Amino acid sequence: MPSYEEWREVLRGERLPAVVVDLEAFDRNVARLVEYLRVDGRVSKALRLATKSVRVPALLERVLKSGVPYKGLMCYSAEEARWLASQGFKDLLLAYPTVQESDLRAVRAAVDAGASLRLMVDSKEGIERAAQAMRGAARPLDLAVDVDASLRLLGGLVHLGVRRSPVRSAADVGRLLDAAAKFPREVRLTGAMAYEAQVAGLGDRNPFKKLVNPVAKLIRALSVRHVARLRAEVAEEFRRRSAPLELFNGGGTGSVNYAAHEGCLTELSAGSGLLCSHLFDYYSNVHFEPACFFALQATRASDDGYVTCQGGGYVASGEPGRDRLPVPHLPKGTKLVAMEGTG
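The sequence shown begins at 942 in our numbering and counts up by one.
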């Protein structure tokens, strides 16, 4: 890992603040992520890159060019997917449902231009809006159903995970398959996704929440079993109806080694682990190295031992807390002042 002096030399003359990526560390994370997919000595799944996490097209290209098992992108928005398609990226999964007319126009335009794009849906209304947008198209739009994989206990009184979708069972999936079947010329529901946020996004050795770590381990263990059972039931619903399940997506950086063992999944998604914010230092099951940094200008030195820097990076998604804030990396020994943090 470069020293403080080496970074200063690299950044000499550059405008600050700057985002910098250690490409050697990034490439090692790319290779390490693949190793977590090995089951009985072989890579078990394809890996789809999440553009919400890796926001630099050059880095996306770098990963995809590394070859199998990396394939395709999980896109954040319809306009982004359309733009990425125009730049030559293929096999695009739009990960978040939308019924906004401008989004659906962007999807239609991308498909009409030849893009391989699949839209996420979680309701009959979403299917109907997509079908309306695709009316008269040369080919139907592929859809995937977003299945809520959160852990709900005590009849729903306890909810662990992300409130992601009203689709929570194989029966719910079946109802959407019926809804899509009414529009065979416009849409094809041939995919599914079930993201286990309470596993992938929950560290279990967090130094800022030491008392919670044993509970986090239990939640993760219960959720791994729950999610595997749910995904198997969803896949069986497709089989029972003789409906093709061409894509079944699951996992995240923090859960890839668990999801790799699920036979019903065709692919996993990941992205943030390649850059590795310090959030991923707090997982017992996956380990990466820091690759993305913010270089800041020290603009004030008000007291001995204190400097104020211009800019502060960005806060990770999820529950606000110290584990979501950027942390000083270099020079060694630098610490944040609690009153100001990285605001």
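Ideal placement from N, C-alpha and C gives every residue a C-beta, glycine not left out. Bear in mind the structure is a predicted one, so any value in this text is a computation, not a measurement.
message: Below 8 Å, how does it come out for the stretch 997–1016 and the stretch 1234–1241: are there three or more Cβ pairs, yes or no?
response: no
- request: Could you tell me whether the stretch 995–1010 touches the stretch 960–976, where touching means 3 or more Cβ pairs closer than 8 Å?
  value: yes
Other residues of its chain near residue 1000: CB distance less than 8 Å, five sequence neighbours each side excluded: Stepping through the sequence shown from its first residue, residue 1000 is reached at position 59. Around residue 1000: 962, 967, 1215.
task: Taking residue 1022 as the reference, give the member of 1050, 1201, 960 with the closest Cα.
output: Start at 1 with the first residue of the sequence shown, and residue 1022 comes out as number 81. For residue 1022, the nearest C-alpha among the options comes from 1050.
- prompt: How would you write the range of the alpha helix (DSSP H) that residue 970 sits in, first residue to last?
  reply: As a position in the sequence shown, residue 970 is number 29, starting the count at 1. Looking at the DSSP string, the run of the alpha helix (DSSP H) that includes residue 970 is 964–976.
task: Answer yes if the stretch 1061–1072 comes into contact with the stretch 1120–1132, meaning at least three C-beta pairs across the two stretches below 8 Å, and no otherwise.
output: yes
field: Nearest-angstrom Cα separation, counted from residue 960 out to residue 952
entry: Counting from one through the sequence shown, the residue named residue 952 turns up at place 11. Counting from one through the sequence shown, the residue named residue 960 turns up at place 19. Answer to the nearest angstrom: the Cα atoms are 10 Å apart.
message: On the CB-based measure, 16 or more other CB atoms within 10 Å of its CB, does residue 955 come out buried or exposed?
response: As a working mapping, residue 955 is identified with position 14 in the sequence shown. Classification for residue 955: exposed.
- request: Taking residue 1042 and residue 1078 to be in contact with their CB atoms under 8 Å, please state how far apart those CB atoms are, rounded to whole angstroms.
  value: One-based indexing of the sequence shown puts residue 1042 at position 101. One-based indexing of the sequence shown puts residue 1078 at position 137. So it is not a contact: roughly 16 Å between Cβ atoms.
- prompt: Taking the alpha-carbon positions, what's the residue 1264 to residue 1221 distance?
  reply: Reading the sequence shown from its first residue, position 323 is the one you call residue 1264. Reading the sequence shown from its first residue, position 280 is the one you call residue 1221. The straight-line gap from Cα to Cα measures roughly 9 Å.
- prompt: Any idea if residue 1086 is buried or exposed, counting beta-carbon neighbours within 10 angstroms, 16 or more meaning buried?
  reply: As a working note, residue 1086 is residue 145 in the sequence shown. So residue 1086 counts as buried.
- prompt: Within this structure, are the beta carbons of residue 1090 and residue 1137 separated by less than 7 Å?
  reply: Counting from 1 along the sequence shown, the entry for residue 1090 is found at position 149. Counting from 1 along the sequence shown, the entry for residue 1137 is found at position 196. For residue 1090 and residue 1137, yes; Cβs fall inside 7 Å.
Residue environment, residue 1199, which counts as buried when at least 16 other CB atoms sit within 10 Å: Taking the first residue of the sequence shown as 1, we reach residue 1199 at position 258. Label assigned to residue 1199: buried.
field: For residue 1213 and residue 1206, the rounded distance between their alpha carbons
entry: Numbered from 1 along the sequence shown, position 265 holds the residue referred to as residue 1206. Numbered from 1 along the sequence shown, position 272 holds the residue referred to as residue 1213. Distance between the alpha carbons of residue 1206 and residue 1213 is about 20 Å.
message: Going by DSSP in three states, residue 1167 sits in which element: helix, strand or coil?
response: Position 226 of the sequence shown, counted from the first residue, corresponds to residue 1167. Correct three-state label for residue 1167: helix.
Boundaries (first-last residue) of the beta strand (DSSP E) holding residue 1011: For the purposes of this step, residue 1011 is taken as the residue at position 70 of the sequence shown. It spans 1011–1016 - the beta strand (DSSP E) in which residue 1011 sits, taken as one unbroken run.
4 or more residues per run - each alpha helix (DSSP H) lying fully within the stretch 1015–1101: 1019–1027, 1042–1053, 1065–1074
- prompt: Going by the CB atoms, is the gap between residue 1196 and residue 1141 shorter than 7 Å?
  reply: The residue given as residue 1141 occupies position 200 in the sequence shown. The residue given as residue 1196 occupies position 255 in the sequence shown. A contact, by the Cβ cut-off of 7 Å.
- request: Give the secondary structure of residue 1335 by DSSP, where H, G and I count as helix, E and B as strand, and everything else as coil.
  value: Residue 1335 is absent from the model: the chain starts at 942 and stops at 1284.
- prompt: So what does residue 1220 bridge to, in DSSP terms?
  reply: Translated into positions along the sequence shown, residue 1220 becomes position 279. Paired residue(s): none; residue 1220 is not in a bridge.
query: Is residue 1145 buried or exposed, if buried means 16 or more other CB atoms sit within 10 Å of its CB?
result: Within the sequence shown, residue 1145 is the residue found at index 204, counting from 1. Per the 10 Å Cβ criterion, buried.
7 Å Cβ cutoff met for residue 1254 and residue 1267: Counted from its first residue, the sequence shown places residue 1254 at position 313. Counted from its first residue, the sequence shown places residue 1267 at position 326. Against a cut-off of 7 Å, the Cβ pair of residue 1267 and residue 1254 comes out as a contact.
- request: Please report the residue range of the beta strand (DSSP E) in which residue 1001 lies.
  value: Taking the sequence shown and counting its residues from 1, one reaches residue 1001 at position 60. Note, residue 1001: premise wrong, no beta strand (DSSP E); alpha helix (DSSP H) at 998–1005.
query: Closest to residue 936 by CA distance: which of 1129, 1152, 1166 is it?
result: Here the chain covers residues 942 to 1284 and nothing more, so residue 936 does not appear.
- prompt: For residue 1129, which residues from the same chain have a beta carbon less than 6 Å from its beta carbon, with the 5 sequence-adjacent residues on both sides left out?
  reply: By one-based count along the sequence shown, residue 1129 stands at place 188. Cβ neighbours of residue 1129 beyond the five flanking positions: 1081, 1083.
- request: Have a look at 1072, 1160, 1154, 1131 and flag the residue whose alpha-carbon is nearest the alpha-carbon of residue 1099.
  value: Counted from its first residue, the sequence shown places residue 1099 at position 158. Nearest option by C-alpha distance: 1160.
field: Identified DSSP bridge partners for residue 1234
entry: Counting from one through the sequence shown, the residue named residue 1234 turns up at place 293. DSSP lists 961 as partners of residue 1234.
- prompt: Is the distance from the Cβ of residue 1194 to the Cβ of residue 1173 below 7 Å?
  reply: Within the sequence shown, numbered from 1, the residue matching residue 1194 stands at position 253. Within the sequence shown, numbered from 1, the residue matching residue 1173 stands at position 232. Contact flag unset, no.
task: Verify whether the separation of the beta carbon atoms of residue 1257 and residue 1250 is less than 7 Å.
output: Here residue 1257 refers to the residue found at position 316 of the sequence shown. Here residue 1250 refers to the residue found at position 309 of the sequence shown. Not a contact, by the Cβ cut-off of 7 Å.
- prompt: Candidates 1218, 1108, 1154: which alpha carbon is nearest residue 1061's?
  reply: Here residue 1061 refers to the residue found at position 120 when the sequence shown is read from its first residue. Nearest option by C-alpha distance: 1108.
message: Considering only the alpha carbon of each residue, which of 1045, 1152, 1245 lies closest to residue 1076?
response: Translated into the one-based positions of the sequence shown, residue 1076 becomes position 135. When each option's Cα is compared against that of residue 1076, the closest is 1045.
message: Here's a check: name, in chain order, each residue in its chain whose Cβ is nearer than 8 Å to the Cβ of residue 901, leaving out the five neighbours to either side.
response: Residue 901 falls outside the range modelled here, since the chain spans only 942 to 1284, and no answer is possible.
Residue 980 and residue 1219 closer than 7 Å at C-beta: Within the sequence shown, numbered from 1, the residue matching residue 980 stands at position 39. Within the sequence shown, numbered from 1, the residue matching residue 1219 stands at position 278. No, Cβ-Cβ distance for residue 980 and residue 1219 is not below 7 Å.
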